[in-house]
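As given, the protein sequences belong to chains A and B, one line each in that order.
Read in order, the letters of the first sequence correspond to residues 6 to 242 in my numbering.
Read in order, the letters of the second sequence correspond to residues 6 to 242 in my numbering.
Note that beta-carbon positions come from the ideal geometry of N, C-alpha and C, so glycine has one too.
Protein chains: 2
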Amino acid sequence: VKIRVAVVPAEIQAPAFKGKTAVVIDVLRATTSIVHAMSEGAEKIIPVATIETATRLAASLDRRTRLLCGERDGERVDGFDLGNSPGEYTSEAVAGKTLILTTTNGTDAMARLEGAREVVVCAFANVSAAAQHVRGEAELLVACAGDAGAFSLEDAVCAGHLVARLRDLEDGDFDLNDGAAACESLYAVHRDAVADCLRASSHGRRLVGLGFGDDIEIAARIDSHAAVPVIREGRIV
Amino acid sequence: VKIRVAVVPAEIQAPAFKGKTAVVIDVLRATTSIVHAMSEGAEKIIPVATIETATRLAASLDRRTRLLCGERDGERVDGFDLGNSPGEYTSEAVAGKTLILTTTNGTDAMARLEGAREVVVCAFANVSAAAQHVRGEAELLVACAGDAGAFSLEDAVCAGHLVARLRDLEDGDFDLNDGAAACESLYAVHRDAVADCLRASSHGRRLVGLGFGDDIEIAARIDSHAAVPVIREGRIV
Numbered sequence: 006v007k008i009r010v011a012v013v014p015a016e017i018q019a020p021a022f023k024g025k026t027a028v029v030i031d032v033l034r035a036t037t038s039i040v041h042a043m044s045e046g047a048e049k050i051i052p053v054a055t056i057e058t059a060t061r062l063a064a065s066l067d068r069r070t071r072l073l074c075g076e077r078d079g080e081r082v083d084g085f086d087l088g089n090s091p092g093e094y095t096s097e098a099v100a101g102k103t104l105i106l107t108t109t110n111g112t113d114a115m116a117r118l119e120g121a122r123e124v125v126v127c128a129f130a131n132v133s134a135a136a137q138h139v140r141g142e143a144e145l146l147v148a149c150a151g152d153a154g155a156f157s158l159e160d161a162v163c164a165g166h167l168v169a170r171l172r173d174l175e176d177g178d179f180d181l182n183d184g185a186a187a188c189e190s191l192y193a194v195h196r197d198a199v200a201d202c203l204r205a206s207s208h209g210r211r212l213v214g215l216g217f218g219d220d221i222e223i224a225a226r227i228d229s230h231a232a233v234p235v236i237r238e239g240r241i242v
Numbered sequence: 006v007k008i009r010v011a012v013v014p015a016e017i018q019a020p021a022f023k024g025k026t027a028v029v030i031d032v033l034r035a036t037t038s039i040v041h042a043m044s045e046g047a048e049k050i051i052p053v054a055t056i057e058t059a060t061r062l063a064a065s066l067d068r069r070t071r072l073l074c075g076e077r078d079g080e081r082v083d084g085f086d087l088g089n090s091p092g093e094y095t096s097e098a099v100a101g102k103t104l105i106l107t108t109t110n111g112t113d114a115m116a117r118l119e120g121a122r123e124v125v126v127c128a129f130a131n132v133s134a135a136a137q138h139v140r141g142e143a144e145l146l147v148a149c150a151g152d153a154g155a156f157s158l159e160d161a162v163c164a165g166h167l168v169a170r171l172r173d174l175e176d177g178d179f180d181l182n183d184g185a186a187a188c189e190s191l192y193a194v195h196r197d198a199v200a201d202c203l204r205a206s207s208h209g210r211r212l213v214g215l216g217f218g219d220d221i222e223i224a225a226r227i228d229s230h231a232a233v234p235v236i237r238e239g240r241i242v
C-alpha cells in the first residue's frame with residue numbers, strides 16, 4: 006500500500022487523491038466530534054468551510070431537525086446551536102438531526118479533499134475502525150488538518166497511529182512518503198502517552214486555556230468508538 | 006528561547022519573523038551547496054526564486070566573475086554554469102566569484118523569508134556552527150524548504166538537530182511549537198544514521214535515481230564545515 010500523509014493542508018494536491026480514498030484527521034476537535042455525533046445518532050453531517058455557507062444552508066433546511074455547529078478560534082460561533090466539543094454531541098442533542106458543521110481547521114481540510122471518491126473521518130476515537138475500513142486500498146492520502154495552517158503534533162501522531170494499525174492488518178509492502186514515515190516515528194514516540202501529547206501540543210494548550218480541557222481527555226480515548234463516518238458528495242450519512 | 010519550525014514553506018508567515026532572525030534549511034541540496042560554496046571562497050551568492058530573475062541578473066553582471074547556478078527537477082538548468090551538487094562548488098570553480106543561485110525548493114523558501122533581519126543558512130554540514138551563531142536569540146523561526154511544497158524528512162531531522170545543539174548551548178526554557186517538538190523527536194530517531202535517513206527519504210531516493218548519490222553522502226557529513234552563510238538584503242557575502 007502506498008500511503009501519503011499531508012502533514013498540513015497546504016500539502017494537499019488534488020491530483021494525488023482524485024477519485025481515490027482519502028482520510029482526514031483533526032483530532033482537536035472536528036473529526037473527534039464527528040465520530041461522536043454519528044455514534045450518537047445524528048442523521049447527517051454536512052461539513053462546510055465557512056460560516057456564511059453554514060448559515061445559508063441552515064436557512065434552507067427544516068428548523069426543527071437541523072443544527073448549526075462549529076467554532077472559530079475555539080469558541081462556538083455566535084448564534085450556533087453547538088460548538089466543537091465532542092461532549093456536546095450527545096444523543097439528546099443530535100439524534101435524528103442534520104448537523105451543519107464549520108470549524109477553523111477540520112472542515113477546511115475536508116473542503117480541500119473535494120474530488121476524492123470518499124473521505125474517511127478519523128481520530129484517535131476510531132483509529133482502529135478507520136484502519137479496518139481502508140484496508141485493502143492500494144493508495145491512500147491521509148490529510149492532517151493542522152492548526153491554522155501550521156503543523157499540529159496530535160494530528161501527525163494520529164496519522165502515524167493509523168499507519169501502525171494498517172501494518173497490523175496488511176502483509177504487503179508499505180510505500181510511505183516522508184510525511185507518513187515521520188508520523189509513524191512520532192506515533193512510536195508518543196504512543197504510550199497520547200493524552201499527555203495532546204495536552205502539551207500547541208492546540209491542546211490553547212484549548213486548556215479556553216476551558217476545554219475535558220475535550221482533550223475525550224479526544225485521547227483511543228478506539229472509544231467503532232463508527233467510521235465517511236464523507237461522500239459533501240455529506241456524512 | 007522561543008523556536009518555531011515551519012516544516013513546509015507554506016507555514017512561513019511573515020508576521021512571525023519580520024525583523025527577526027530566521028534559519029533556512031534545505032539539506033538536499035541548496036543550503037548544503039551554499040555552505041560549500043562560501044567555504045570554498047565564493048565572494049557572494051545571490052539566491053533568487055526564478056530562472057528568469059537569475060538570467061536577467063546575470064546579464065547585468067561581469068561575465069568573467071559571475072556564475073549562474075541551480076537546478077530544476079534536480080538537473081542543472083540548461084545553459085547554467087553549475088548545478089546544485091555541493092561537490093561542484095570547489096574553490097577552482099567558485100573562488101572570487103558571484104554566484105546567482107536558483108533551486109526548486111531552497112531559494113523559494115529564502116524568498117518567503119524576505120523581511121527577516123537575517124537568514125542563517127543551515128545544513129548538516131554546518132549545524133553546530135549555525136547553532137553557535139544563533140545562540141542568544143530570544144526568538145527563532147526555522148524554515149524547512151521541503152520538497153516541492155511537501156514535508157521532507159531530511160530537513161525536519163536537520164531542524165531537530167539544530168534544536169538539540171541549541172539545548173547544549175543555552176540554559177533557559179525552550180518554548181517549541183509543534184513543528185519544533187516533532188523535529189526534535191525525529192532527530193532523536195535518526196541521529197545515529199543520518200546518511201541512511203537521507204538515502205531513504207523521498208527526495209534522497211529521487212536524487213539517487215538521477216545519479217546524484219554522492220551528493221547525499223556529502224550532505225550527510227555533520228559539521229564538515231564551520232562557515233555560517235547569512236542572507237542579508239538578498240545576498241550572502
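Contact residues within the region 182-202 of chain B, judged by C-beta distance below 7 angstroms to chain A: N182, D183, G184, A186, A187, S190, L191 and V194
R172(B) classed as buried or exposed, judged by whether at least 16 other C-beta atoms fall within 10 angstroms: The sequence position of residue 172(B) within the second sequence is 167, counting from 1. Per the 10 Å Cβ criterion, exposed.
Touching by the beta-carbon criterion (3+ pairs, under 8 angstroms), the region 59-66 of chain B and the region 6-23 of chain B: no
Min CB distance F156(A) to chain B below 8 angstroms: Residue numbering aside, residue 156(A) sits at position 151 when the first sequence is read from its first letter. Output row for F156(A): interface = yes.
Chain A contact for E238(B) (CB, 8 angstroms cutoff): Within the second sequence, the letter at position 233 stands for residue 238(B). Answer no: the Cβ-Cβ gap between E238(B) and chain A never drops below 8 angstroms.
Start and end residues, alpha helix (DSSP H) containing G75(A): To locate residue 75(A), count along the first sequence from 1; it is residue 70. G75(A) -> not in any alpha helix (DSSP H); beta strand (DSSP E) instead, spanning R71 to R77.
Delimiting residues of the alpha helix (DSSP H) encompassing E97(A): Here the question's residue 97(A) lines up with position 92 in the first sequence. Element bounds for E97(A): S96 to V99.
Span of the alpha helix (DSSP H) around R204(A): Start at 1 with the first residue of the first sequence, and residue 204(A) comes out as number 199. Element bounds for R204(A): V199 to A205.
Residues that DSSP places opposite E80(B) in a beta bridge: Your numbering for residue 80(B) matches position 75 in the second sequence. E80(B) is bridged to R77(B).
Option nearest E222(A) by Cα separation, candidates F129(A), V53(A), R117(A) and M43(A): In the first sequence, counting from the first residue as 1, residue 222(A) sits at position 217. Looking at the Cα atoms, F129(A) is the closest of the given residues.
Buried or exposed (CB count within 10 angstroms, at least 16 for buried), D178(B): For the purposes of this step, residue 178(B) is taken as the residue at position 173 of the second sequence. Looking at its Cβ environment, which holds fewer than 16 other Cβ atoms inside 10 Å, D178(B) is exposed.
Status (buried if at least 16 other CB within 10 Å, exposed otherwise) for R210(B): Here residue 210(B) refers to the residue found at position 205 of the second sequence. With fewer than 16 Cβ atoms within 10 Å of its Cβ, R210(B) is classed as exposed.
Contact residues within the region 106-117 of chain B, judged by C-beta distance below 8 angstroms to chain A: none
Cα-Cα separation between A185(A) and D197(A), rounded to whole angstroms: One-based indexing of the first sequence puts residue 185(A) at position 180. One-based indexing of the first sequence puts residue 197(A) at position 192. Answer to the nearest angstrom: the Cα atoms are 19 angstroms apart.
Sub-8 angstroms separation of M43(B) and I227(B) beta-carbons: Numbered from 1 along the second sequence, position 38 holds the residue referred to as residue 43(B). Numbered from 1 along the second sequence, position 222 holds the residue referred to as residue 227(B). No, they are not a contact pair.
A164(A) versus N131(B): straight-line alpha-carbon distance, rounded: Residue mapping note: residue 164(A) aligns to position 159 of the first sequence, counting from 1. Residue mapping note: residue 131(B) aligns to position 126 of the second sequence, counting from 1. Roughly 32 angstroms separates the two Cα atoms.
Bounding residues of the alpha helix (DSSP H) (the contiguous stretch that carries A224(A)): Translated into positions along the first sequence, residue 224(A) becomes position 219. Counting along the chain, the alpha helix (DSSP H) containing A224(A) begins and ends at G218 to A224.
Cβ shell of E48(B) (< 7 angstroms), same chain only, five flanking positions each side left out: By 1-based counting over the second sequence, the position of residue 48(B) is 43. Cβ neighbours of E48(B) beyond the five flanking positions: G101, K102 and T103.
Per DSSP, cross-strand counterpart(s) of E119(A): Residue mapping note: residue 119(A) aligns to position 114 of the first sequence, counting from 1. E119(A) pairs with A121(A).
The region 10-36 of chain B: positions lying closer than 7 angstroms to chain A by Cβ: V12, V13, A15 and E16
Cβ-Cβ distance between V233(B) and V125(B) below 8 angstroms: Position 228 of the second sequence, counted from the start, is the residue given in the question as residue 233(B). Position 120 of the second sequence, counted from the start, is the residue given in the question as residue 125(B). Taking 8 angstroms as the Cβ cut-off, V233(B) and V125(B) qualify as a contacting pair.
Proximity below 8 angstroms, CB of A27(A) to CB of A121(A): Stepping through the first sequence from its first residue, residue 27(A) is reached at position 22. Stepping through the first sequence from its first residue, residue 121(A) is reached at position 116. Going by C-beta atoms, A27(A) is nearer than 8 angstroms to A121(A).
Cβ-based contacts, 7 angstroms cut-off: residues of the region 159-170 of chain A near chain B: A161
Residue nearest to D78(B) in terms of C-alpha spacing, selected from V213(B), L191(B) and A224(B): By 1-based counting over the second sequence, the position of residue 78(B) is 73. With distances taken between Cα atoms, D78(B) lies closest to V213(B).
C127(B) vs V29(B) beta-carbon contact at 8 angstroms: Working through the second sequence from its first residue, we reach residue 127(B) at position 122. Working through the second sequence from its first residue, we reach residue 29(B) at position 24. Yes, the pair counts as a contact, with Cβ atoms nearer than the cut-off.
Residue range of the beta strand (DSSP E) that includes E144(B): Within the second sequence, residue 144(B) is the residue found at index 139, counting from 1. Counting along the chain, the beta strand (DSSP E) containing E144(B) begins and ends at E144 to C149.
D83(B) vs N110(B) beta-carbon contact at 8 angstroms: Your numbering for residue 83(B) matches position 78 in the second sequence. Your numbering for residue 110(B) matches position 105 in the second sequence. No, the pair does not count as a contact, with Cβ atoms beyond the cut-off.
Per-residue burial, D180(B) [other beta carbons within 10 Å of its own, 16 or more giving buried]: The count along the second sequence starts at 1 and reaches residue 180(B) at position 175. It counts as exposed.
Residue span of the beta strand (DSSP E) that contains L104(B), given as start and end: Numbered from 1 along the second sequence, position 99 holds the residue referred to as residue 104(B). Unbroken beta strand (DSSP E) run through L104(B): T103 to T107.
Residue nearest to D31(B) in terms of C-alpha spacing, selected from V147(B), T70(B), G239(B) and R237(B): Position 26 of the second sequence, counting from 1, holds the residue named residue 31(B). Of V147(B), T70(B), G239(B) and R237(B), the residue nearest in Cα terms is V147(B).
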